[in-house]
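S.K.: Numbering (this note's numbering), first residue to last: 4 to 46. I am attaching a structure below and will ask some questions about it afterwards.
Below you can see the structure in the form of structure tokens.
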């Protein structure tokens, strides 16, 4: 099963990460974190 890791950071420092098991869930979570002002990447 494929996993996507959503990693959010602030000023270059990692704040947290979450594992999602589907792409849509990962994208939605990343978008939520972006709206909160974090830099986000999905691996």
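The C-beta atom is built at its ideal place from N, Cα and C for all residues, glycine as well.
Do residue 18 and residue 45 have their C-beta atoms closer together than 7 Å?
M.R.: By one-based count along the chain shown, residue 18 stands at place 15. By one-based count along the chain shown, residue 45 stands at place 42. No, they are not a contact pair.
S.K.: List the whole-angstrom C-beta distance separating residue 36 from residue 11, where the pair is believed to meet the contact cut-off of C-beta under 8 Å.
M.R.: Working through the chain shown from its first residue, we reach residue 36 at position 33. Working through the chain shown from its first residue, we reach residue 11 at position 8. So it is a contact: roughly 4 Å between Cβ atoms.
S.K.: Is it buried or exposed for residue 16, if we count other Cβ within 10 angstroms and need 16 for buried?
M.R.: Taking the chain shown and counting its residues from 1, the one referred to as residue 16 is at position 13. The residue in question, residue 16, is exposed, as its Cβ has fewer than 16 Cβ neighbours within 10 Å.
S.K.: In this structure, how does DSSP classify residue 6 when only helix, strand and coil are distinguished?
M.R.: The sequence position of residue 6 within the chain shown is 3, counting from 1. Correct three-state label for residue 6: coil.
S.K.: Have a look at residue 14 and residue 23 and give me their C-alpha separation to the nearest angstrom.
M.R.: Along the chain shown, read from residue 1 onward, the residue named residue 14 stands at position 11. Along the chain shown, read from residue 1 onward, the residue named residue 23 stands at position 20. The alpha-carbon atoms of residue 14 and residue 23 are separated by roughly 24 Å.
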